[in-house]
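Data first, discussion second: the structure below is written as structure tokens.
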Amino acid sequence: MNIKKTIAGISALSWLISSGAFTAMNAFAADAAEYRTGQITAHLYSEDNLRDIECRYYNDMPNVPYIKLSDYYSCWTSQELQITNKNNGTYEVTVPIGATGIIDVNKDTVSSDDIGGFCYPQYVIESNTSNLYTYVKSISKPNEKESYTTDFSDYKIDLRGDDNDIWWPVATLCDFYDFNLNQGALIDDNLYFFNSILDIKYSRTAIGNSAAHKEAFIEKYQNGRPKDMVEYNYNELCFNFDRTYGFPGRFIYNDLLAETNFDTMLSTASDSTKKIKELLLSEDAHEYCAGYELLNNYFWDGGHTFFYGTMISEESDFTAKVAEVFASISGLKDAMNYRAINANSEYSGNSAYTALIKMCETADTYEEFNNSIYAVKGDTAVFSFLMFNDESDKWSSYYYENGEMPQDLITEFYNCVTKANADPAIKNFVIDLGANFGGSAAVLEYMMGIISDLDNITIILGNGDKSVTEQYLVDKNLDKSYDEKDKAMKLDLNFGIITSNYSFSCANLMPALAKDAGIMLVGEKSGGGTCATNRYVTPDGLVYALSTGQKFVDKAGTPIDNGIQPDYDIVKINDDGTKDYSEVYNFSMLSSLFSDFYGKKAETDPSVTTTSTTTTTSTTTTTTTTSSSSTTTSETTTVSSTSSSSASTSGNTTTNANGTLPKTGNNSAGTAAAAACAAVITIAGGALIFISRRTRNKEDNGIS
């Protein structure tokens, strides 16, 4: 059993060396019982909230910092652990929620009969007391408690003990105690805590890919990588990979990896994977960075799994030396050309967006908002956006602190779809995902709830094939109440979705859910993306993303990683191999496809009827302007790290003066009930996806 798979989770070091003082330890290895002490700075969920923590460097691992479990946990959650030394090499550890674990520093094992309660923050387990949900609320029941033992000795990772506490390698703590809204990372001998996975300024990705980190990395390893760090860095990567990876299915050695482990796969799959392992274990930093980047040639799955080329992303002497390593390696056996695959995907996204802009120039009315474009011609409206994003902090404030309603993608969508529904001339509503690379599943669930009454999503946990269904409620009218008004809200529109090969992750999941709901799909096969994903940092500070052990599937339980075939695949391939999206982004063509699709559907299913809406729609000022802007996509080597820009930054959603989106309701923190397993994350190419949302708040976490 795997924790991550069964529960649905720069300044330099300031040395304070004890002058020649060494202390005996109750440690795993007798000859490793001596250490020197130092001090490490922890950044508590901001660059400015600092705390100094004692660290140790053991003689057998002089370059790997250790800190106490209690110190890490108090930084991570602002809560304290209870640790009882059993005086036989074992410690009983009780977390604030009451779950206990046994840590054995002789065997290097961590065991618990409630591994979820032991590993996740209290507010996640007791989500009914936290501000976890806003416009989408999970109502699934929690999983039963499960027992699990993590054996770190399999990875030669030593836990050490003293009279009152357990000392862990810092990077191991960051990987073991990890939740998407509570993340730690050791970067350039500083310990950072983040509550956002892909914040462009403060996150694992932001700090780990910063120019300051690149400079520090080069300086630190200019004379080579120390042997103890080389071995620990590799072992920690193996541990986190085996614990986390979700097997989306594209990987050619998928079965071998599933049957064995990351190290065995690299050691036996081919001469090429053996070479990559050799490079990962090299004391030469250039060889190491080359091996790290070469992993992408096997694990690329569209962007959910990605090993960032942080140290080779720009021209420099360091990069030139890494390039020499690349040049010395002959063709990789069974490798995929992930750069070419990604370039083709990006080409599709750019071409789709260009066609969209041309279509908007022909529209009767056209509006450009901060996050979306809305265009209408005749009986068809098109709503286009580049990412499933929201202003989660503001939504939390709106729902729980009487804040103002955010004006973001959610409100833009609500205003546009209800306005279309109120216009008797409009019969068809298109959601355009042709240049969309994913985002928040909460946004997706809200939209699907509006257009199809969808209130559940199917996932597979782990490497098996058994699916589970997550149930949720949608506050359709955004009045902060989940009530009969939401159930009564029906729209008298035909819905359709445009997809391209660029449509990834949430933009792949939405067409899968729509197809199950009988909604028309137009364009070309979507780009795939099925797993939840997270960002991690190696002990030496390189960032990587992994598809985790949670796969989104269709209602039959079939994985969707290979993409969704549209009902009308009408993207033309020109003689020179380029793609023509002009028929997809054509109001007349879309209108005729709606008539054909829903006409046939009515013939085969006479019970299909449309229901008039019971909601009041907002009135927005319509313009007839056109746009000459174009989209840009991220570079291949950073596709997983860069957030997509919005479709526009010049417009604003027309505010609702007549109360269409009411700012009153009876929701409160006490009504946000759900299980830890519902706090699901998925990130796609710079976009955060998780079913359950929570913004850190001072009351729950004590962090300013």
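Residues 28 to 731 (the working numbering) are what the sequence shown spells out, left to right. No residue lacks a Cβ here, since even glycine has one placed at the ideal position from N, Cα and C.
{"query": "Please list the segments of the alpha helix (DSSP H) lying wholly inside the stretch 492-559, counting only runs of 4 or more residues, in order along the chain.", "result": "511-515, 533-543"}
{"query": "Go through the stretch 91-122 residue by residue and report every complete run of the beta strand (DSSP E) that reaches 3 residues or more, in order.", "result": "93-95, 109-112, 117-121"}
{"query": "Are the beta-carbon atoms of G550 and S574 separated by less than 8 Å?", "result": "no"}
{"query": "I need the straight-line Cα distance from V570 to V257, nearest angstrom please.", "result": "16 Å"}
{"query": "Please work out which residues of its chain come closer than 7 Å, Cβ to Cβ, to F334, disregarding the five sequence neighbours upstream and downstream, and give them in chain order.", "result": "Y319, E320, L322, N323, Y571"}
{"query": "Going by DSSP, name the residue or residues bridged to S139.", "result": "G128, Y175"}
{"query": "Give the DSSP-derived three-state secondary structure of A238 in the structure shown.", "result": "helix"}
{"query": "Compare the beta carbon distance of L548 and I587 with 8 Å and say whether it is the shorter of the two.", "result": "no"}
{"query": "State the start and end residues of the unbroken beta strand (DSSP E) segment that holds S340.", "result": "Note, S340: premise wrong, no beta strand (DSSP E); not H, not E."}
{"query": "Kindly provide the ranges of any alpha helix (DSSP H) runs that are 4 or more residues long and lie completely inside the stretch 548-633, ordered along the chain.", "result": "614-631"}
{"query": "Would a C-beta distance cut-off of 8 Å place F289 and C265 closer than the cut-off?", "result": "yes"}
{"query": "Relative to the C-alpha of S299, which residue among N260, L359, I597, K348 is closest?", "result": "L359"}
{"query": "Which same chain residues, not among the five before or five after G329, have their C-beta less than 7 Å away from its C-beta?", "result": "F531, G554, G555, G556"}
{"query": "Between the Cα of I142 and those of D135, G125, N133, K134, spot the shortest distance and give me the residue it belongs to.", "result": "G125"}
{"query": "Taking the continuous alpha helix (DSSP H) assigned at I224, which residues delimit it?", "result": "First-last for I224: undefined, no H or E at that position."}
{"query": "Check whether the stretch 606-618 touches the stretch 260-280, counting contact only when three or more Cβ pairs, one atom from each stretch, lie closer than 8 Å.", "result": "no"}
{"query": "Can at least three beta-carbon pairs, one atom from the stretch 434-451 and one from the stretch 562-569, be found at a separation below 8 Å?", "result": "no"}
{"query": "Taking only the alpha-carbon atoms, compute the straight-line gap between Y100 and F412 and give it to the nearest angstrom.", "result": "40 Å"}
{"query": "Apart from the five residues on each side of it in sequence, which residues of its chain come closer than 8 Å, Cβ to Cβ, to D361?", "result": "I279, Y280, A296, S297, S299, Y325"}
{"query": "Give the DSSP-derived three-state secondary structure of G211 in the structure shown.", "result": "strand"}
{"query": "What three-state label does DSSP hand F440 in the structure shown?", "result": "helix"}
{"query": "Under 8 Å, do I80 and W194 count as touching if we go by C-beta distance?", "result": "no"}
{"query": "Could you say which of T68, V132, S138 lies nearest to D215 if we only look at CA atoms?", "result": "T68"}
{"query": "Measure from the alpha carbon of A212 to the alpha carbon of each residue in W103, T407, Y374, then state which is nearest.", "result": "W103"}
{"query": "Count the other CB atoms, across all protein chains shown, that sit within 10 Å of the CB of K790; report buried if there are 16 or more and exposed otherwise.", "result": "An answer regarding residue 790 cannot be provided, because it is not within the stretch 28 to 731 covered by the chain."}
{"query": "Grouping DSSP H, G and I as helix and E and B as strand, with all else coil, what is Y248?", "result": "coil"}
{"query": "I need the straight-line Cα distance from Y160 to V151, nearest angstrom please.", "result": "11 Å"}
{"query": "Measuring straight from C-alpha to C-alpha, what distance separates Y441 and I477?", "result": "8 Å"}
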